[in-house]
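For the sequence shown, position 226 matches number 226 in UniProt numbering, and the numbering has no gaps at all. Below is one structure, written out as structure tokens; comments come after it.
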Amino acid sequence: MAARLIQKIVNSVPASGRAYSSGARKVTLIPGDGIGPEISASVQKIFTTAQVPIEWESVDVTPVRGPDGKFGIPQAAINSVNTNKIGLKGPLMTPVGKGHRSLNLALRKEFNLYANVRPCRSLEGYKTLYDNVNVVTIRENTEGEYSGIEHEIVDGVVQSIKLITEEASKRVADYAFQYAKNNGRKKVTVVHKANIMRMSDGLFLRCVREMAEKYPEIKFEERYLDTVCLNMVQDPSKYDVLVMPNLYGDILSDMCAGLVGGLV
Numbered sequence: 001m002a003a004r005l006i007q008k009i010v011n012s013v014p015a016s017g018r019a020y021s022s023g024a025r026k027v028t029l030i031p032g033d034g035i036g037p038e039i040s041a042s043v044q045k046i047f048t049t050a051q052v053p054i055e056w057e058s059v060d061v062t063p064v065r066g067p068d069g070k071f072g073i074p075q076a077a078i079n080s081v082n083t084n085k086i087g088l089k090g091p092l093m094t095p096v097g098k099g100h101r102s103l104n105l106a107l108r109k110e111f112n113l114y115a116n117v118r119p120c121r122s123l124e125g126y127k128t129l130y131d132n133v134n135v136v137t138i139r140e141n142t143e144g145e146y147s148g149i150e151h152e153i154v155d156g157v158v159q160s161i162k163l164i165t166e167e168a169s170k171r172v173a174d175y176a177f178q179y180a181k182n183n184g185r186k187k188v189t190v191v192h193k194a195n196i197m198r199m200s201d202g203l204f205l206r207c208v209r210e211m212a213e214k215y216p217e218i219k220f221e222e223r224y225l226d227t228v229c230l231n232m233v234q235d236p237s238k239y240d241v242l243v244m245p246n247l248y249g250d251i252l253s254d255m256c257a258g259l260v261g262g263l264v
């Protein structure tokens, strides 16, 4: 996370001003809650040590009740991100089974953050279970099981909708292949369960297949989610870039983190 943000900011500042506050780039900071403030403070120290020219604009995203009675992100926080275009967010906790909806989900939808990119690689000098991990998970970040469409049909029966659209699926698939191409990656694997969820995952799979045809230089393969989980803990070197729907990406990327001790 820190490395990607540093690179993005450094590239946006002229070389002559990269080590000086006069060339500072304003960045929205959402410290988060729980362990969020501690993590955010550590990342800020990294930026300071690396002499990355940042002016932090800290914002509060504590939910506020709107005219319709629903809780949402404060407008000041939304305006800050829209103005600065770059933001750093610490973890935000979501009440379980009650209270406001996930602020993480709200932020993704508000700013159309459709691709969740999580590199996971072994770090030299840190002994973990594996020393050959170098994979990138790319997760569709706006729909799937995390669309937030749930309702109670009758007492004791709850229905949750898994939303998959052609537009969102093609968009994240194209992003995955572009990422592989731009970063010297050789292979993209689509992770799915189209054998069970034939319509929803079937649509996602067809969209990725269609995008794969536009990138003949990138090797393409299809794998079931359970197969990928098994292979990942046996030999993570089998994979390069993985693209998948929302829920699968959430779980699989955290599993990858367990192989190396944390998300990079």
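Each residue gets a CB set at the ideal place from its N, CA and C atoms; glycine is no exception.
Runs of the beta strand (DSSP E) lying entirely within the region 122 to 156 and spanning at least 3 residues, in chain order: 134 to 140, 150 to 154.
Boundaries of the alpha helix (DSSP H) around Lys-181: 166 to 182. For Asp-240, the closest C-alpha among the options Thr-142, Tyr-175, Pro-119, Glu-152 is that of Pro-119. Under DSSP, Phe-220 shares a beta bridge with Val-188. Distance from the Cα of Glu-213 is smallest, within the candidate group Met-197, Ala-173, Leu-225, Met-244, for Ala-173. Between the beta-carbon of Gln-159 and that of Glu-150 there is about 7 Å, and that keeps the pair under the 8 Å contact cut.
Here Gly-87 is buried, its C-beta having at least 16 other C-beta atoms within 10 Å.
Asn-183 counts as exposed, since fewer than 16 other C-beta atoms from the protein chains shown sit within 10 angstroms of its C-beta. With fewer than 16 other beta carbons inside 10 angstroms of its own, Tyr-126 counts as exposed. Boundaries of the alpha helix (DSSP H) harbouring Leu-107: 103 to 110, taken from the DSSP string. Nearest to Ser-200 by alpha-carbon distance, out of Ser-80, Val-43, Glu-143, Arg-223, is Glu-143. In this chain, the alpha helix (DSSP H) harbouring Val-260 covers 246 to 260.
Shown here, Lys-214 sits in coil according to DSSP, grouped into three states, outside any helix or strand. In the three-state reduction of the DSSP assignment, Pro-63 falls in the coil class. In this structure, Leu-163 and Ser-147 form a Cβ contact; the two beta carbons are roughly 4 Å apart against a cut-off of 8 Å. Three or more beta-carbon pairs separated by less than 8 Å link the region 78 to 93 to the region 101 to 121, which places the two stretches in contact.
Proximity of the region 223 to 238 to the region 248 to 258 meets the contact definition, three or more beta-carbon pairs being nearer than 8 Å.
One alpha carbon belongs to Val-64, the other to Ala-76, and they sit about 11 Å apart.
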